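For the sequence shown, the numbering used here puts the final residue at 646, and the numbers step up evenly by one.
For glycine and all other residues, C-beta sits at the position ideal for the given N, C-alpha and C.
Predicted model only: the values in this text are computed from it and were never measured.
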Amino acid sequence: MKYSYYPGCSLESGAVEYDLSSREVLRLLGVELTEIPDWTCCGASAVEPVSRLLTLALPARNLALAEREVPDADMLVPCSACYLNHMRVERECEADRKLAARVNEALSAEGLSRSGTVRVRHLLDVLARDVGPERVGQAVVRRLEGLTVAPYYGCQVLRPYPLFDDPERPASMEPLLKALGVEVLDWDMGGRCCGASLMATKRAAALALVSAILDAASEADLIVTVCPMCQMNLEAYQKEAIRSGGRGRPVSVLYLPQLMGLALGLSEDDVLLGKNMAVTDALRGKLRAPAAATV
C-alpha cells in the first residue's frame, strides 16, 4: 500500500505527536508514505472570507503536486480540516468545470495543473478500509486489555462528505480499537462538535460542548481523536470546560495512532506521549502495569 502524504501545518507544529505516531504506525503496518514535496498550507478556515478562489487554489496546488510527484497513489491526510479542504476541491471542481478551469488558471502561475486523478483519503479511512482491523490485530505485540476507550471523530472527517462512515453514529474506529484489546465505550458523542474555532470567538458555547463530551466519557480511561482541532479543544480547555460546566472529570486524550503505536510495540517516547496535555496518572499507571498482556 502506497500513498502520497500531506501532513499539513498542525502536524508540523502543535500536533507533531499526531504526525510522528501516524508515520510510525503506518510503517509498522506496511504502508509506504511519500510526503508531497513543497506542499503548502491548505488555507484552514481563515482564507475563505478573503477569497473563494484562493480557498480552492491552495489545496488544489497540493493535489497538483501529488499528481505530478506521486502519480497513481491516493493522498493520505491525517488532519480532518485539511482533509475537508482538499475534498472540497475534489467535489466542487468535479461539479463545476468553469470553476475547475479558474483554479487551474491560478495554478498555471507555477506551471501546475490539477486533472483530478488523485483521490483524497483520511487517515482513519485508510486504517479502517485499506489496512483493516485484522491486519492491525496481527501486528499487535501488547494487548491493551483493561482500558476503556471513547472514540471521538468530530465533525469534519465525515461532514459534509460521509464517504466511509455514518456521521450521526460513526463506528469505523471500533474494530480498530477492539483489535488492540481495549473495551470501546458505548456512547453517542463520537460525532458531536467540540466547538472547533468557536473556542476563540464564542468560548462559552464551545466550553459547553467540550464539557458535555467529557461528561459522557467519564467512564472511559481515555478519549482517542483523529483531528488536531478536536484534540486541542478536549485537551487544552479541559479544566476550564469542567469548571464552567460543573460536570465531568479529567480524561486522557490521545490521538488514535498514538494508542495504536503503544499496542504495536512503540514506547511512550516513540509516540511523543509527553506532548499530550491531558494524560492522567491513572492512565499512565495502566499503560505501565505488567497486566497489559504481551502477545
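query	result
Please report the residue range of the alpha helix (DSSP H) in which Val367 lies.	367-379
Would you tell me roughly how many angstroms separate the C-alpha atoms of His437 and Leu617, rounded to the nearest one?	31 Å
Using CA atoms only, rank isn't needed, just tell me which of Ala556, Asp516, Arg494 is closest to Lys529.	Arg494
Would you list the one or two residues that DSSP bridges to Thr307?	No answer is possible for residue 307: the residues shown for the chain start at 352 and end at 646.
Leaving out five residues before and five after Leu610 in sequence, what residues of the same chain have Cβ atoms less than 6 Å from its Cβ?	Val575
Using C-beta distances below 6 Å, list every residue in its chain close to Tyr512, excluding the 5 sequence neighbours before and after it, in chain order.	Met438
Excluding sequence positions up to five away, which residues of its chain have a Cβ less than 7 Å from the Cβ of Leu478?	Leu527
Starting from Glu386, trace the alpha helix (DSSP H) both ways and give me its first and last residue.	Per DSSP, Glu386 belongs to no alpha helix (DSSP H); it is in the beta strand (DSSP E), 383-386.
Is there contact here, the region 556-567 with the region 597-608, by at least three beta-carbon pairs under 8 Å?	yes
Quick one: is Val487 buried, meaning 16 or more other Cβ sit within 10 Å of its Cβ, or exposed?	buried
Is Ala568 closer than 9 Å to Tyr503 when the C-beta atoms are compared?	yes
Measure the C-alpha to C-alpha separation of Val602 and Ala432 and round it to an integer number of angstroms.	24 Å
State yes or no: is the C-beta of Ala522 within less than 9 Å of the C-beta of Leu573?	no
Comparing alpha-carbon positions, which option in Arg448, Ala547, Val367 lies nearest Pro608?	Val367
Just reading off the alpha helix (DSSP H) that Val500 is part of, what are its end residues?	Note, Val500: premise wrong, no alpha helix (DSSP H); beta strand (DSSP E) at 499-502.
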